[in-house]
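One structure is given below, encoded as structure tokens.
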Amino acid sequence: MLGAAAAGGLGLGTFLQPCVADELAKNDKQVLLIWLDGGMSQLESWDPKPNTEFGGPFRAIPTSVPGIHVCELLKHTAKQMHHLAVLRSVCTQDNSHSAGVARINRGDPKNRGVEYPYLGSAVAKLLGPTSSGMPPYIWIKPNSGGFKASDAGFLGAKYGALALGDGKPPENLLLNKSISSEEDELRNELRRKFNDRYAVGRRTEWTDANSYVYELAQKLMKRDDLFDESSFTDKDRQRYGTHELGRHLLLARRTLETGVRFVKVNSYHWDSHGDNFNASESLISQFDQPFAALIEDLHQRNMLDNVLVIVMSEFGRTPKINSHVGRDHWPEAWSIAMAGAGIRKGVVVGKTNDQGTFVEDKPYDIGHLFHTWFKAMGVPPDKMEYDNQGQPLPVAHDDCGPIAELLV
Amino acid sequence: MNHRLEVMASPMTTTASQPVIRRLKALKAYATLIPIRLLPVEFLVSNARLIKLFSTTFDVGEVSVKRYRLSQKVVCGLMATVMIMPVLNADERLLPVRMDELVAAGFAGQQPAPLADDAEFLRRIWLDLAGRIPTSDDTRHFLDDTDPDKRSRMIEQLLAAPTYAQRMQELFHVVLMERRGDHEKWKQYLHNAFERNKPWDQMVREVLNPDPQDENRRGAAFFYAKRIEANGQNPIDHPGLTRDVGRLFLGADLQCAQCHDHLFIDDYKQRDFQGLYSVYLNISAKNGPDIPAVTEKPMKKKLEFISVFDPTQNETGPRIPFGSEIPIPEQGKDAAPVSMLALLASELPTAQNALFRKNIANRLWFLMMGRGLVHPLDLHHSDNPPSHPELLDLLASEIVAHQYDIKWMLRQLALSQTYQRSSRYPIASANADSEAASVNVEQVRPQSYLLANEKRMMAEQLLHSTLRATGNFERLQQATVDGKPNAELTELTRRFVAAFANEPREPEDQINPSVKGALFSLNDDLVLQLLSRRSGNLIDRLLAMTSDELLADELYLSVFTRRPNNEERNELVAWLTKHNDRREKAIANWAWSMLTSMEFVVNH
Amino acid sequence: MDDTTSLSEFEPKPTKQVIEYERQLFQARFSPCGKFLIASGYDATIQRWAVSGNETKRLSPCLGHHAWVPCLAFIPTTERIVSADSWGQIAVWQYADETPAPVWKNDAAHDGWVRAVAVSPDGQRIASGGNDRMLRIWSAADGKLIKEWPHPEKIFSLCFHPSGSSLVSGDLKGVIRDWDIDTATVRRELDARVLYQLDKIQECGGVRHLSFNHDGKRLACAGQKTPGGGFSTGFPCVLVFDWDDGQLLREMQMGKNDDGFAYDAIFHPAGFVMATSCAFPGKGFVWCWTPQSEKPFFESTSIPNGRSLSLHPDGRRIALLVSKSANGNGRVLVQGVYQGGSAQIHILEF
């Protein structure tokens, strides 16, 4: 695991000029990243090319925005199009999962010999937690949970993701019955005192990380309501669906409501090399239904102006349909959808050609998107650099800039 | 092997020379005493008989003699120490000294931290070589020992103790299996190997080509068998196995080179992956009810492969990564098929294979020093050079010269100042000009070794140490009536591993504080019960003590492996006085805070 | 069924005849008279070739569909075919006409993907079904809707019993239903659930093709056993049922778990099943298997990626449709052009 010990060293020193830091502390923007791992097909979703050589069997349907069409598999999302922005001219570099997933998640910055943080860790660092005190980076995923330090790259373990396995609360969440809350206060005060003494004369990296996880743990102990499933209504469950992604997106809504800065939801097994069209029917409906419900709910709760929502994968899928009636990996031309804070509503930006094979106008890499999103969140990238022990590192790829047409 | 004949510069009494002799013996030098009146050195040099005596004992090749000036006043009854030192290369100094020199060359004028004090050293060496902290009695004994040699003796003691084999078995289990699962036979294999100090290259041969017939070796098959067992509908993970062999035994992660030449690392080519892969495609798990095993199909033809970037058809036979192809031998019609695994086992772990020897040297360095000279440990390549190239080469050649003797290398590392350095800078003294005070500790990089690096405690080390510290070890060691291990111990072990180990397949090579671990420490009932009074445990012993000052000593020695300073002692006494009405709880909470603080949970 | 039939005469061998087509096709079938070879495509067209002796001549296509045309069936006692596409349109054509135009068509016969059509043995009625879970019966002559009823699951395949008394549907979940058309009720269900699997979060598989033998005593169902998502691994599999008692006679699992779906299985008058499967390039093959046997008597991997099999009325020739479309993550341009897939129809001969 490379984590914070990557070549290039560690960087936990503070670097924000005080006035800028204050500004950001007041910033209540949040982010929801929905990651469809394996590569959702853009041709079966955001950028349909019906009745063409590579278009597949499906029809395109109109959406709530006249002139914008999506694939019929997004029938619920189509009704929320007026909140969304879709970039159809995404063109990225890597067609492999093994490297591509990390590169997209990191914004594929220039190689400077350090391991860049994933978007969630970057936001946890740049914006910090919200005033709610909830952990800044929570990851809702299938299977196992735990603290995933490796997302944080050179930033250090502290900026990793707190992963909730299948959305479940971490074990040992409740204060042990044998300890009263005063005792708990006292013993933790002592523990912190010991740690302060330990830290004298040593690098603070590990002490900071350790303190941080205890703080998080104690905050979570106070917010066990986050995991109280009985408080979801039947209507919620029906609208989002009781399948895995439905439950996880419903939990994501609540997690955002508690004030977590960055929530990531992962869905896996989208890599339909074979039988892509039946797979897309089965999978995309599992995304479409809860995603539309989520956008609707965020809007109704007046949260959509503050929450930046992003839907993406590590690449799209080939226009060419292989003999297993599947599509393979295609970073050359694909789509990313977004909504919310700082993002224009009801637009499509960028175009692929009629065949859907390549980007027709200006192609954008993930670095451009990172610039765009940091700007949407209120972080001015040209003022922000990481300081990795004296090595300045741009937050997003220095040859890229924000995409103006996506921003309000 | 060359030896040299050396005579101690000045004569000394018999008694005084004993520790010197012992130290030399530890360094595999031959040392003896000769009545000084039998010398002068010139006599020795020309005394063919004497030289011949040493020759027959030690297969001495060239004998070179260092001349020392002896006092002309030869006094009867004094002895001179005569040594025959193995000479490995032109540089005649001891390995730890040379290590330290090469590390110091990188200090760039900065002042390193001083050597660790006895308490810091003791805790660290116990954790590294015994897998746990010492008891309060062991600690007292060591701290109060006035023998200037006590550190070397402690190193020897720990290397010879049964805890060494257990520690190394636990450690290498995690290094080699990365929490994929365990097996009794595998555990036994590892334990046995370390008990006998099996050379590393032999271990690797046995793992790469496991022998199901040999009862002592069959457990080694687990390395393969676990990785290629069926996992639902997923294809068997031969690529994962190939990758791990590269990572763990050669320090090269070839994962991205499966489908094409590595995009960033020029040294890693697709054929390096595919060549090794061609061997592993032929093996499958054949697990009996009780014994892990693999079977191997004979390799009949080369493996074809295509880069996803280049449709040219390539092919390769079995190949050690970065080596040349091993020719598939002609197999006679009736002859037993040639085993590729056997070929691999004979070709890969060899002294000629630079990556093989550098990998083990690097990993052993990492174990003791908390960071690889090449870091990450599985990314040796020309764009990721070692922080101290000469040092890595030195260690690699030394370990080869010592036949991959792991214990020997660990000893050399432990004897160095680099290892024994403190992990903290002392609090700045009044002297504002002191260089130590001027070092900004935040800027110190781990690969400088100006400070000793803090190291992660494995879940197992935390468990053993917590049980010892809280005095619950003896109770939990009792097997049940029918010889099964204690259920509470089994459950505690399971919980500690669940709370503090990494996910499967994630190497545990750095400190990784986790919310899961924090919640476990805060709220788990079994953990908290360790701090409730039970006959003979720490809380019980402390509650029986009438003097709060002595209580403080016993508590700190048990948990922190040191005595409290005055401030700490006074604090604890004040705390106990304040919470007099709930003394047991008060002690337990103070102990808990110690057990969950950095000083306990980190190997520093 | 003649158990003593010598089967070696039924090992198909390739002839030199290979018909190339520049896009991918779903199936290629000989007309009942044997003078035409009709294929429906991924390119919204229906392709026609005139067959005479060993010669084939390409004729003008039937145009007017959209996207994919997965469904094609001949209407007995006529020179007509019915076709359906993935946008929901059904059309009937005179396939022998110079330039066929639809005899009738219905653009909105279904909402979306029509996955199966079947024609009653008397040529009067057409059944259709697909993603919208409605089974519809149409008049073959003029396309009037005769009857419709909801189907519990997506319909993947349809066929009529040769007696005309039953309409049989196969769905996504591996359930085969024997429908009484008059009452729109299920007489019984046959269990083909090995052809379905919920693999992690994806519903995989389905009964991809149904066909009866000539006397209706045997039903063959083609699909993939233990189908998975991602690379769609699973074993090509044909299930043969005894129609009278509804019992499974033979589970014909073939090849390895990367040989894809069995897309087509037809009965030869001599009583054996001929089937083909297709997956990634080079995977899948043709086999012949009598249900009484435990093993196929013929299998050949020399022509992989077969999508459909059609027996010429002369009983000797077989049209094997093969998909030719490479896989891969790279962007391989040929003379600057991004390549799609194509098809070949191999004429085999007993």
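Sequence order for the protein chains is D, H and R. Heads up, the first sequence is in our numbering, so the first residue is 789 and it goes up one at a time. Heads up, the second sequence is in our numbering, so the first residue is 118 and it goes up one at a time. Heads up, the third sequence is in our numbering, so the first residue is 288 and it goes up one at a time. By construction, the Cβ of each residue, glycine as well, lies at the ideal position given by its N, Cα and C atoms. Note that this is a predicted model, so its numbers are computed, not measured.
Span separating the alpha-carbon of residue i from that of residue j
i: Ser533 (chain H); j: Met485 (chain H); result: 10 Å
i: Ser163 (chain H); j: Asp217 (chain H); result: Note that Ser163 (chain H) has pLDDT 45, beneath the 50 cutoff, so the model's placement of it is unreliable and the number below is only indicative. Cα to Cα, Ser163 (chain H) sits roughly 36 Å from Asp217 (chain H).
i: Phe483 (chain H); j: Thr587 (chain H); result: 30 Å
i: Val1197 (chain D); j: Arg876 (chain D); result: Residue 1197 (chain D) is absent from the structure shown; chain D starts at 789 and stops at 1196.
i: His1185 (chain D); j: Gly895 (chain D); result: 7 Å
i: Trp1161 (chain D); j: Val1097 (chain D); result: 10 Å
i: Val481 (chain R); j: Gln511 (chain R); result: 8 Å
i: Phe717 (chain H); j: Glu977 (chain D); result: 16 Å
i: Ile605 (chain R); j: Gly451 (chain R); result: 26 Å
i: Gly461 (chain R); j: Gly417 (chain R); result: 14 Å
i: Phe842 (chain D); j: Arg562 (chain H); result: 54 Å
i: Pro231 (chain H); j: Arg538 (chain H); result: 6 Å
i: Asp330 (chain R); j: Ser295 (chain R); result: 38 Å
i: Asp670 (chain H); j: Arg249 (chain H); result: 20 Å
i: Lys267 (chain H); j: Ala277 (chain H); result: 15 Å
i: Asn557 (chain H); j: Ser504 (chain H); result: 21 Å
i: Tyr308 (chain R); j: Ala453 (chain H); result: 51 Å
i: Lys936 (chain D); j: Ala949 (chain D); result: 5 Å
i: Lys863 (chain D); j: Arg475 (chain R); result: 35 Å
Chain-order list of residues whose beta-carbon lies under 6 Å from that of residue i (same chain, five-residue window excluded)
i: Leu914 (chain D); result: Val1167
i: Leu1092 (chain D); result: Leu1086, Gly1128
i: Val619 (chain R); result: none
i: Ala997 (chain D); result: Ala945, Lys946
i: Phe677 (chain H); result: Glu716
i: Ile926 (chain D); result: Leu950, Thr1043, Val1048, Val1051
Where residue i meets chain H, residues with beta-carbon distance less than 7 Å
i: Ala937 (chain D); result: Asn629
i: Tyr1002 (chain D); result: Ala635
i: Ser932 (chain D); result: Glu620
Chain-ordered chain R contacts of residue i [CB-CB under 8 Å]
i: Glu1148 (chain D); result: Near Glu1148 (chain D) there are no residues of chain R at all, since even the closest Cβ is about 14 Å away, more than 8 Å.
i: Glu843 (chain D); result: Correcting the residue identity first, residue 843 (chain D) is Gly in this sequence and not Glu. Near Gly843 (chain D) (Cβ distances below 8 Å), the residues of chain R are Ala354.
Under 9 Å from the C-beta of residue i: neighbouring residues of chain D
i: Tyr542 (chain H); result: Val988, Gly989, Arg990
Close beta carbons around residue i, own chain, < 8 Å, minus the five adjacent residues each side
i: Lys169 (chain H); result: Residue placement at Lys169 (chain H) is poorly supported in this model, since its pLDDT is 43, which falls under 50; the coordinates are not used for a value here.
i: Arg1132 (chain D); result: Ala873, Glu1193, Leu1194, Leu1195, Val1196
Contact set between residue i and chain R, taken where Cβ atoms lie within less than 9 Å
i: Glu993 (chain D); result: Under the 9 Å cutoff, chain R gives no residues; its nearest Cβ is about 38 Å from Glu993 (chain D).
i: Gln1026 (chain D); result: Result: empty, since nearest Cβ-Cβ is about 19 Å, beyond 9 Å.
Same chain, Cβ closer than 7 Å to residue i, five either side skipped, listed in chain order
i: Gly827 (chain D); result: Trp1058, Asp1059, Ser1101, Glu1102, Phe1103, Gly1104, Arg1105, His1117
i: Met421 (chain R); result: His397, Glu435, Pro437, His438
Listed by chain order, chain D residues near residue i by CB distance under 7 Å
i: Phe567 (chain R); result: Asn1110, Ser1111, His1112
Contacts of residue i in chain D (Cβ-Cβ under 8 Å)
i: Asn616 (chain R); result: Asn883, Ser884, Thr1106, Asp1116, His1117, Trp1118
i: Gly593 (chain R); result: Correct list: empty, because the minimum Cβ distance to chain D is about 10 Å.
Presumed contact (8 Å Cβ cut-off) between residue i and residue j, rounded CB distance
i: Trp374 (chain R); j: Gly399 (chain R); result: 7 Å
i: Ile413 (chain R); j: Val404 (chain R); result: 6 Å
Per-residue contacts from residue i into chain H (C-beta, under 9 Å)
i: Leu952 (chain D); result: Correct list: empty, because the minimum Cβ distance to chain H is about 10 Å.
Neighbour list for residue i in chain R, Cβ cutoff strictly below 7 Å
i: Gln1074 (chain D); result: Ile488
request  = Identify each residue in the region 955–974 of chain D for which the Cβ-Cβ distance to at least one residue of chain H is less than 9 Å, and report them in chain order.
outcome  = Pro958, Glu959, Asn960, Leu961, Leu962, Leu963, Asn964, Lys965, Ser966, Ile967, Glu971, Asp972, Leu974
message = For the region 1181–1194 of chain D, list every residue whose C-beta sits within 7 Å of some C-beta in chain R, in sequence order.
response = none
message = Against chain D, which members of the region 349–371 of chain R pass a CB distance test of less than 8 Å?
response = His353, Ala354, Trp355, Pro357
query = Taking Cβ-Cβ distances below 8 Å as the criterion, which residues of the region 1059–1072 of chain D are in contact with chain R?
reply = Asp1059, Ser1060, His1061, Gly1062, Asp1063, Asn1066, Ala1067, Glu1069, Ser1070, Leu1071
task = Return the residues of the region 639–653 of chain H that lie within a Cβ-Cβ distance of less than 7 Å from chain D, sorted by chain order.
result = Leu639, Asn640, Asp641, Asp642, Leu645
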